[in-house]
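S.K.: According to our numbering, the sequence shown holds residues 1 to 159 in order.
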Amino acid sequence: MNIILVLLFPFGYFVFWFVRMLLLRKRERERKQELARAYNRFVLRERMIIDHSEVIGNIVIALNRSWKELVVIDHHGKEKKTHRIRLSTVTDCLLKENRSYRGSLDYIGLQLFIRSETKPLMVYFRPSDDSLLEEQAVLKTARRWKNLVDVHRYVRKSV
1 MNIILVLLFP FGYFVFWFVR MLLLRKRERE RKQELARAYN RFVLRERMII
51 DHSEVIGNIV IALNRSWKEL VVIDHHGKEK KTHRIRLSTV TDCLLKENRS
101 YRGSLDYIGL QLFIRSETKP LMVYFRPSDD SLLEEQAVLK TARRWKNLVD
151 VHRYVRKSV
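(1) Let me make sure I understand the geometry here. Which of Y39, K96, V90 has the alpha-carbon closest to that of R143?
(2) Under DSSP, the alpha helix (DSSP H) around Y39 begins and ends at which residues?
(3) State the Cα-Cα distance for the pair F113 and L133, rounded to the nearest angstrom.
(4) List the endpoints of the continuous beta strand (DSSP E) containing N147.
(5) Between the C-alpha atoms of F11 and R27, what's the straight-line distance to the nearest angstrom?
(6) According to DSSP, is R53 part of a helix, a strand, or is it coil?
(7) Within a Cβ cutoff of 7 Å, which residues of the same chain sit near L139, ignoring the five residues on either side of it in sequence?
(8) Out of L87, M122, K81, which has the shortest C-alpha to C-alpha gap to L35?
(9) Give the DSSP bridge partners of H83, in chain order.
(10) Quick one: Cα of D51 to Cα of Y101, how far?
(11) Compute the distance between the beta-carbons of H83 and N58, then report whether it is under 7 Å.
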């Protein structure tokens with residue numbers, strides 16, 4: 001009897017772990033689908049033409065070059081937020097890195113200072129794991145979006 005229990009315990013633990021991983025993947029897939037539906041509804045409702053868009057973790061960030069607008073749909077946490085920012089109202093754009101005590105990257109914040117807002121808008125880019133390649137990819141993505149915002153907020157139409 002004890003031998004059967006000893007043999008069944010690892011098998012039961014493996015089944016528990018496998019089911020847990022399947023449920024986590026299903027929840028993550030549903031979260032991404034909900035984010036994609038929210039992005040699609042917003043773009044169709046506002047009749048926007050998006051030139052660049054990217055899904056990064058639990059946010060979608062998109063650029064509309066023709067109207068010079070940045071769209072940020074943030075589903076991180078319990079509060080789901082949608083921001084539509086005219087790039088002509090952005091006064092400054094900064095990147096803020098936050099590292100853990102071990103030196104690994106926790107997140108990178110794209111800080112947008114908007115003329116009419118008292119607090120800056122933060123867009124967080126988070127690496128999915130602690131690997132150096134993932135951190136470099138997130139840093140590269142954050143820098144690319146900062147450059148896109150900077151380029152499009154300074155462009156003025158010539159008369």
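Don't be surprised by glycine CBs; every beta carbon is placed ideally from N, CA and C.
M.R.: Working from what's here:
(1) Position 143 of the sequence shown, counting from 1, holds the residue named residue 143. Looking at Y39, K96, V90, the one whose alpha-carbon comes closest to that of R143 is K96.
(2) As a working note, residue 39 is residue 39 in the sequence shown. Segment 2 to 46, the alpha helix (DSSP H) holding Y39.
(3) Along the sequence shown, one-based indexing puts residue 113 at 113. Along the sequence shown, one-based indexing puts residue 133 at 133. Near 30 Å, if we compare the C-alpha coordinates of L133 and F113.
(4) Numbered from its first residue, the sequence shown carries residue 147 at position 147. Counting along the chain, N147 falls outside any beta strand (DSSP E), though it belongs to the alpha helix (DSSP H) covering 132 to 154.
(5) Here residue 11 is taken as the residue at index 11 of the sequence shown, counted from 1. Here residue 27 is taken as the residue at index 27 of the sequence shown, counted from 1. One C-alpha to the other measures close to 24 Å.
(6) Here residue 53 refers to the residue found at position 53 when the sequence shown is read from its first residue. The amino acid at residue 53 is misidentified as Arg; the sequence shows Ser. If DSSP states are grouped into helix, strand and coil, S53 belongs with the strands.
(7) Within the sequence shown, residue 139 is the residue found at index 139, counting from 1. Excluding its 5 nearest sequence neighbours in each direction, L139 has C-beta neighbours in its own chain below 7 Å: I108, listed in chain order.
(8) Residue 35 sits at position 35 when you count from the first residue of the sequence shown. Checking every option, the nearest Cα to that of L35 belongs to K81.
(9) Translated into the one-based positions of the sequence shown, residue 83 becomes position 83. H83 is bridged by DSSP to V72.
(10) Walking along the sequence shown from the start, residue 51 turns up at place 51. Walking along the sequence shown from the start, residue 101 turns up at place 101. Straight-line measurement puts the Cα of Y101 at about 38 Å from the Cα of D51.
(11) Locating residue 83 in the sequence shown gives position 83, where the first residue counts as 1. Locating residue 58 in the sequence shown gives position 58, where the first residue counts as 1. No.
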